[in-house]
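Asker: Have a look at this one.
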Amino acid sequence: MRRSRAFIPTTKEAPSDASLASHIYLSRAGFISQVASGLYSYMPLAKRVIKKIENIINEEMAKAGAEEVELSFVTPATLWQESGRIEKFGKELLRFRDRKENLFVLGPTHEEMMVDMVRNRITSYKQLPINLYQIKTKFRDEARPRFGLMRGREFIMKDGYSFHSCVADMDREFDAMEAAYKTILTRLGLDFRIVEADSGAIGGSGSKELMVLAGSGEDTIAVCSKCEYGANVEAAKRSGRAAIPEAPVAEFNKFKTPNIKSIEDLENFFKVDGYYTMKCVAKRAVYEDDSEIVLFFVRGCDTLQEVKAQNATGALDIVDVSEEELRELGLIPGFIGPLEQGCAKHVIDSDLRDAKSMICGANEEEYHFVNVDMSVMSEAYYADIAAVNEGDSCPHCNGTLSFTKGIEVGHIFKLGTTYSAALKAEFLDENGKAQPFVMGTYGMGVSRLVAAVIEQHHDEQGCIWTKATTPYMVNIMISNIKEVSQVEIGEELYAKLQAAHVEVMLDDRKERFGFKMNDAELIGFPYTIIIGKELENGLVQIFERKTKESISVSKDDVFSKIIDLI
RNA sequence: CGGGGUGUAGCUCAGUAUGGUUAGAGUACCUGGUUUGGGACCAGGGGGCCGAAGGUUCGAGUCCUUUCACCCCGACCA
Numbered sequence: 008m009r010r011s012r013a014f015i016p017t018t019k020e021a022p023s024d025a026s027l028a029s030h031i032y033l034s035r036a037g038f039i040s041q042v043a044s045g046l047y048s049y050m051p052l053a054k055r056v057i058k059k060i061e062n063i064i065n066e067e068m069a070k071a072g073a074e075e076v077e078l079s080f081v082t083p084a085t086l087w088q089e090s091g092r093i094e095k096f097g098k099e100l101l102r103f104r105d106r107k108e109n110l111f112v113l114g115p116t117h118e119e120m121m122v123d124m125v126r127n128r129i130t131s132y133k134q135l136p137i138n139l140y141q142i143k144t145k146f147r148d149e150a151r152p153r154f155g156l157m158r159g160r161e162f163i164m165k166d167g168y169s170f171h172s173c174v175a176d177m178d179r180e181f182d183a184m185e186a187a188y189k190t191i192l193t194r195l196g197l198d199f200r201i202v203e204a205d206s207g208a209i210g211g212s213g214s215k216e217l218m219v220l221a222g223s224g225e226d227t228i229a230v231c232s233k234c235e236y237g238a239n240v241e242a243a244k245r246s247g248r249a250a251i252p253e254a255p256v257a258e259f260n261k262f263k264t265p266n267i268k269s270i271e272d273l274e275n276f277f278k279v280d281g282y283y284t285m286k287c288v289a290k291r292a293v294y295e296d297d298s299e300i301v302l303f304f305v306r307g308c309d310t311l312q313e314v315k316a317q318n319a320t321g322a323l324d325i326v327d328v329s330e331e332e333l334r335e336l337g338l339i340p341g342f343i344g345p346l347e348q349g350c351a352k353h354v355i356d357s358d359l360r361d362a363k364s365m366i367c368g369a370n371e372e373e374y375h376f377v378n379v380d381m382s383v384m385s386e387a388y389y390a391d392i393a394a395v396n397e398g399d400s401c402p403h404c405n406g407t408l409s410f411t412k413g414i415e416v417g418h419i420f421k422l423g424t425t426y427s428a429a430l431k432a433e434f435l436d437e438n439g440k441a442q443p444f445v446m447g448t449y450g451m452g453v454s455r456l457v458a459a460v461i462e463q464h465h466d467e468q469g470c471i472w473t474k475a476t477t478p479y480m481v482n483i484m485i486s487n488i489k490e491v492s493q494v495e496i497g498e499e500l501y502a503k504l505q506a507a508h509v510e511v512m513l514d515d516r517k518e519r520f521g522f523k524m525n526d527a528e529l530i531g532f533p534y535t536i537i538i539g540k541e542l543e544n545g546l547v548q549i550f551e552r553k554t555k556e557s558i559s560v561s562k563d564d565v566f567s568k569i570i571d572l573i
């Protein structure tokens, strides 16, 4: 492509509201253009990057034996009613009616559509397994789109769905997809981690997220210092803590604790570590039809992990409660404990099972119990509801956990029969018995990957594309367009590289050197061949974007040298 | 969905407290010239329904009302 003919509107200034590197540089370098909140148009450079990513996904999916399909973007609302997700998704579903007043939904994900396509077509276990995917625009009417391509309302996603006759086969495919996704991200040149994730409302027996490591990521993940273990903090587990503080010595007793309400107060009052205190976090668990107050107990040194708490209750949502609501139930904020208290349902963190020497509220104004032995509550409901802390021990080895930020670019689920059962998508097994398909689902955010590449690969000058994702591999810069010799060499090299199927840009604009260099760095071509002053000595320079170093090579060798480099 | 902010040239923004010539700057764009290794310089030029609607006033970018859009914090996010 000739730069003089290309539509690449670069700008000196970023949109005032952009804060993320990917948003700033993709806007400034002329890749994307915002149309409305959460809606972006892809300009030629972005389109090329997207195609690169899609090609790699297609190649790896083909290797893994998955077939590409394309489902319609507009989906009938009836399917969403069948699965029950029309309520669950709520306002995120963009709904509208056609001229016949039929209700439709813009597809935010395509489980229902895929199941609908397969049901009654795949009817025997002999036709299984099958793995179908598409790369398609999705629409979710997010409450708050932000960060450019990172969280748009309209975005491109690769979504795949596999159908199996048994759980074991789904597990096998899940592992195969995890491996394929790993290969894709490696090929794209990304530093990533596959982590255990919360399966959330979608259910199923397990899910993993693919996290591109970047400080700007919206998710916090816990990773082990020694082994491969990594997990979203929403789902992270631990085996214990590094050092258990010395236990306080006391007899079981009810102790007067005037105005001692917080964990910090307790620590100071009794001179004990927060480890031996019990924290009560009261929340209202909201179910489909009603709601109730639930008391969550964790150690004073821990914090409640709300996603875990929600899962432990099976609630659709958990929300804060006021002191008044607690008092109405007969609970005394600041002095709530699990003993001798029957006002509300409680969930106790599993780390408190059989805990000794604990201090907890006595459910009486100004009193706490000391030296509580939790084994008296062995019948209570225990669940993992505490957030892991940095420094806790890895659940799989003796390493320690630390936190890092990640961008979720993929999420794979073991769905099981959730959707096939709801949509009555069944096959006949060996015994001629109807069974719902066992399914897996595998998502990857293509447009988000574009942003993730830049989040991980940029500097103060702009984008630094990886070789697998760059819109053009080589940029030939003719330093001074009025120098006929420079133009001749540039054109010759341009033709030669094109003939060799190298993706090449020829910067033939009538601009000054500095302008064109800044532009090239902003866009982020991996290599720029500078044809300029040194041509008198028969030399040109190859500038590498990543290192910002340039080497001089003879004009006769530059072609073979650049072929070696790319 | 709660709280806050901003809408003026393609872009980044002044101007609005206290209403008053023809609405500004930088940048980008067009013409001509000088330049040509890190976003050059000189001269000239085009470009605005001051987000929209209504109101107050002799007079509104500026005051009032309504509305729309966009952004930020939070909640939400298969």
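First residue of the first sequence? That's 8 in our numbering, and the numbers climb one at a time after it. For each residue, glycine too, the CB sits at the ideal point set by N, CA and C.
1) Quick check: the stretch 91–98 against the stretch 395–410, are there 3 or more CB pairs under 8 Å?
2) Would residue 78 pass as a contact of residue 50 if the rule is Cβ separation under 7 Å?
3) Please classify residue 332: does DSSP put it in a helix, a strand, or coil?
4) Assess contact between the stretch 428–445 and the stretch 242–256, defined as three or more Cβ pairs (one per stretch) separated by less than 8 Å. Is contact present?
5) Do the stretch 441–461 and the stretch 155–166 touch if we need at least three Cβ pairs shorter than 8 Å?
6) Is the stretch 480–489 touching the stretch 536–543 in the sense that three or more CB pairs, one from each, lie closer than 8 Å?
7) Please confirm whether residue 300 and residue 351 have their CB atoms less than 7 Å apart.
8) Alpha carbons only, please: which of 362, 443 and 520 is nearest the one belonging to residue 122?
9) As a quick exercise: from 347, 297 and 9, pick the residue whose alpha carbon is nearest that of residue 324.
10) Tell me the rounded alpha-carbon separation between residue 290 and residue 163.
11) From this set, 228, 499 and 285, which residue's C-alpha is nearest residue 215's C-alpha?
12) If you run the structure through DSSP and keep just helix, strand and coil, what is residue 478?
13) Judging by CA-CA distance, which residue of 171, 71, 138 and 54 is the nearest neighbour of residue 424?
14) What residue does the alpha helix (DSSP H) around residue 176 start on, and which one ends it?
15) Looking only at its chain, what residues have a beta carbon closer than 7 Å to the beta carbon of residue 492, apart from the 5 residues adjacent to it on each side?
16) Which residue comes first and which comes last in the alpha helix (DSSP H) that contains residue 4?
17) Using 8 Å as the Cβ pair cut-off and three pairs as the minimum, do the stretch 358–370 and the stretch 339–349 touch?
18) Straight-line CA distance for residue 600 to residue 127?
19) Terminal residues of the continuous alpha helix (DSSP H) containing residue 51?
20) What does a CB cutoff of less than 7 Å around residue 264 pick up in its chain, not counting 5 residues either side in sequence?
21) Based on Cα-Cα distance, which residue from 531, 549 and 124 lies nearest to residue 563?
22) Where does the unbroken beta strand (DSSP E) through residue 566 begin, and where does it stop?
23) Among all the DSSP beta bridges, which residues are the ones paired with residue 219?
24) Find out if the Cβ-Cβ distance for the pair residue 55, residue 516 is shorter than 7 Å.
25) Taking the alpha helix (DSSP H) that residue 523 falls in, what are its first and last residues?
26) Alpha helix (DSSP H) containing residue 28: first to last residue?
27) Can you tell me the Cα-Cα spacing of residue 310 and residue 274, whole angstroms?
28) For the alpha helix (DSSP H) holding residue 497, just list the boundary residues, first then last.
29) Are three or more beta carbon pairs between the stretch 21–39 and the stretch 465–472 nearer than 8 Å?
30) Applying the criterion that 16 or more other CB atoms from any shown protein chain within 10 Å of the CB defines a buried residue, is residue 182 buried or exposed?
31) Taking its Cβ as the centre, do 16 or more other Cβ atoms sit within 10 Å of residue 134, making it buried, or is it exposed?
32) Could you check which residue in 57, 238, 27 and 302 has the C-alpha nearest to that of residue 319?
33) Nearest to residue 397 by CA position, among 98, 132 and 246, is which residue?
34) Closer than 8 Å by C-beta to residue 426: which residues in its own chain qualify, once you throw out the five before and the five after it? Chain order, please.
35) Here's the rule: buried if 16 or more other CB atoms are within 10 angstroms of the residue's CB, otherwise exposed. What is residue 174?
36) Take residue 360 and list the residues in its own chain whose beta-carbon comes closer than 7 Å to its own, dropping the five residues that flank it on each side.
Answerer: This is what the structure holds:
1) no
2) Translated into the one-based positions of the first sequence, residue 78 becomes position 71. Translated into the one-based positions of the first sequence, residue 50 becomes position 43. No, Cβ-Cβ distance for residue 78 and residue 50 is not below 7 Å.
3) Looking up residue 332 in the first sequence gives position 325. The answer is helix: DSSP assigns residue 332 an H, G or I state.
4) no
5) yes
6) yes
7) Numbered from 1 along the first sequence, position 293 holds the residue referred to as residue 300. Numbered from 1 along the first sequence, position 344 holds the residue referred to as residue 351. Taking 7 Å as the Cβ cut-off, residue 300 and residue 351 qualify as a contacting pair.
8) Position 115 of the first sequence, counting from 1, holds the residue named residue 122. Of the listed residues, the one whose Cα sits closest to residue 122 is 443.
9) Here residue 324 refers to the residue found at position 317 of the first sequence. Residue 324 has its Cα closest to that of 297, out of 347, 297 and 9.
10) As a first step, residue 290 must be located in the first sequence, where it is residue number 283. As a first step, residue 163 must be located in the first sequence, where it is residue number 156. Rounded to the nearest angstrom, the two C-alpha atoms are 37 Å apart.
11) Within the first sequence, the letter at position 208 stands for residue 215. The option with the nearest alpha carbon to residue 215 is 228.
12) The residue labelled residue 478 in the question sits at position 471 within the first sequence. Residue state, collapsed to three classes: coil.
13) Position 417 of the first sequence, counted from the first residue, corresponds to residue 424. Per the Cα distances, 171.
14) Indexing the first sequence from 1 puts residue 176 at position 169. Residue 176 -> alpha helix (DSSP H) spans 174–195.
15) On the first sequence, position 485 is the one that residue 492 refers to. Excluding residues within five positions, the ones whose Cβ falls inside 7 Å are 542.
16) What is shown of the chain runs 8 to 573, which leaves residue 4 out entirely.
17) yes
18) Any question about residue 600 goes unanswered here, given that the chain covers just 8 to 573.
19) Numbered from its first residue, the first sequence carries residue 51 at position 44. Per DSSP, residue 51 belongs to the alpha helix (DSSP H) from 51–70.
20) By 1-based counting over the first sequence, the position of residue 264 is 257. Answer for residue 264: 276, 373, 374 and 375, listed in chain order.
21) Taking the first residue of the first sequence as position 1, residue 563 is located at position 556. Selected option, being the one with the closest Cα: 549.
22) One-based indexing of the first sequence puts residue 566 at position 559. Unbroken run through residue 566 is the alpha helix (DSSP H), 565–572; no beta strand (DSSP E).
23) Position 212 of the first sequence holds residue 219. DSSP lists 199 and 414 as partners of residue 219.
24) The residue you call residue 55 lines up with position 48 of the first sequence. The residue you call residue 516 lines up with position 509 of the first sequence. It is not a contact, given that the beta carbons lie outside the stated cut-off.
25) As a position in the first sequence, residue 523 is number 516, starting the count at 1. It spans 520–530 - the alpha helix (DSSP H) in which residue 523 sits, taken as one unbroken run.
26) Here residue 28 corresponds to residue number 21 of the first sequence, with the count starting at 1. 28–35 is the span of the alpha helix (DSSP H), which, as asked, contains residue 28.
27) Looking up residue 310 in the first sequence gives position 303. Looking up residue 274 in the first sequence gives position 267. Approximately 16 Å, taken between the alpha carbons.
28) The residue labelled residue 497 in the question sits at position 490 within the first sequence. Element bounds for residue 497: 491–506.
29) yes
30) Numbered from its first residue, the first sequence carries residue 182 at position 175. Answer is exposed; the Cβ neighbour count stays below 16.
31) For the purposes of this step, residue 134 is taken as residue 127 along the first sequence, with counting starting at 1. Classification for residue 134: exposed.
32) As a position in the first sequence, residue 319 is number 312, starting the count at 1. The shortest C-alpha separation from residue 319 is found at 302.
33) Locating residue 397 in the first sequence gives position 390, where the first residue counts as 1. Residue 397 has its Cα closest to that of 246, out of 98, 132 and 246.
34) The count along the first sequence starts at 1 and reaches residue 426 at position 419. Excluding residues within five positions, the ones whose Cβ falls inside 8 Å are 90, 118, 119, 122, 432 and 446.
35) The residue you call residue 174 lines up with position 167 of the first sequence. Counting Cβ neighbours within 10 Å, residue 174 comes out exposed, since fewer than 16 surround it.
36) Mapped onto the first sequence, residue 360 falls at position 353. Cβ neighbours of residue 360 beyond the five flanking positions: 381 and 389.
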